[in-house]
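Counting in this note's numbering, the sequence shown runs from 6 upward without gaps. Report on the structure given below.
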Amino acid sequence: MKLKDCVTAFTGINTSKISKDSFTDGVEMGLITGQSINEYGEFESELAQTTWIVPGSAEKFLLLDNDIVIQIRGNVFKAGLFKQSEADTKQSYIASSNFVIMRVNTDFLQPEILVSYFNSSFFKENVIAATRSNTMLITLKKLLEHPIAIPCQSDQKALVSMFYRYADLQKKTLELFNQQKVVAETKLFDVLQRSNKDTK
């Protein structure tokens, strides 16, 4: 089976239709950037850019829950799962043409599986490396022709659980690291202050 058999896909909106400055009758949107997708494959709405577009020009580009957003331009290839929080439902989001959006159109494949696969070292080493020079040369057409093996439902359930556990663990590890960093820097500052007093 190929990806085109289980997803609907399209390229994001052309950047010529996007303005970083507000204008009369412009519609405010959240624009997905590479920074909006964290290293765990999750979407972070607070890192999306505020942008404005001409009314009626973005309907077919609007992101929906569980859309897979894939960065295919630049030096980094990564995929993220778009999830909109309940507190953020009034905001609409789009992605630029630097991204491909995939929407799973079958019940027997969970989007988290594809996100994990695209971000895996296996995919990057065996698929991305074959087409990489100074820039990414992966296209939507090439992605859709890529063969995909779909795990059974029980394996998918386990993998989806791992996807969220891994993301949660990574976040907690980063939080702990930042806390320890603050403690270490505070102690270093205190030591330096005492040392300065002793030398006077």
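The beta-carbon is built from N, C-alpha and C at its ideal position, and this holds for glycine as well.
Query                                                                                                                                                                                                  : Result
CA-CA distance, Leu-8 and Ser-125?                                                                                                                                                                     : 16 angstroms
Let me know the alpha helix (DSSP H) ranges lying completely inside the region 69-128, each 4 residues or longer, listed in chain order.                                                               : 116-123
Is the beta carbon of Ile-73 less than 9 angstroms from the beta carbon of Arg-108?                                                                                                                    : yes
Starting from the C-beta of Thr-13, find all residues in its chain whose C-beta is less than 6 angstroms away, skip the five residues before and the five after it, and write them out in chain order. : Arg-108 and Asn-110
Measure the CB-CB distance between Ser-41 and Glu-49 and report whether it falls below 9 angstroms.                                                                                                    : yes
Contact check, Leu-164 vs Val-105 under 8 angstroms by CB: the rounded distance?                                                                                                                       : Their Cβ separation, rounded to whole angstroms, is 22 angstroms, which puts Leu-164 and Val-105 out of contact at 8 angstroms.
Roughly how many angstroms separate the alpha carbons of Ile-118 and Phe-82, rounded to a whole number?                                                                                                : 17 angstroms
Can you tell me whether Glu-47 is buried or exposed? The criterion is at least 16 other CB atoms within 10 Å of its CB, across all chains shown.                                                       : buried
Are the beta-carbon atoms belonging to Phe-127 and Ala-100 less than 9 angstroms from one another?                                                                                                     : no
Could you name the residues of the same chain whose beta carbon sits closer than 6 angstroms to that of Thr-140, not counting the 5 residues immediately before and after it, in chain order?          : Bear in mind that the predicted position of Thr-140 carries a pLDDT of just 46, short of 50, making it too unreliable to give a figure here.
Give the DSSP-derived three-state secondary structure of Lys-25 in the structure shown.                                                                                                                : coil
Span of the alpha helix (DSSP H) holding Leu-149?                                                                                                                                                      : 145-149
Measure the C-alpha to C-alpha separation of Ile-18 and Thr-191 and round it to an integer number of angstroms.                                                                                        : 46 angstroms
Assign Lys-25 to buried or exposed, taking buried as 16 or more other Cβ atoms, counted over all protein chains shown, within 10 Å of its Cβ.                                                          : exposed
Can the beta-carbon of Gln-89 be found less than 9 angstroms from the beta-carbon of Met-34?                                                                                                           : no
Answer with buried or exposed for Val-120, where buried requires no fewer than 16 other C-beta atoms within 10 angstroms of its C-beta.                                                                : buried
Tell me, which residues are paired with Ile-2 by DSSP?                                                                                                                                                 : The structure shown does not extend to residue 2, since the chain is modelled only from 6 to 205, so the question has no answer here.
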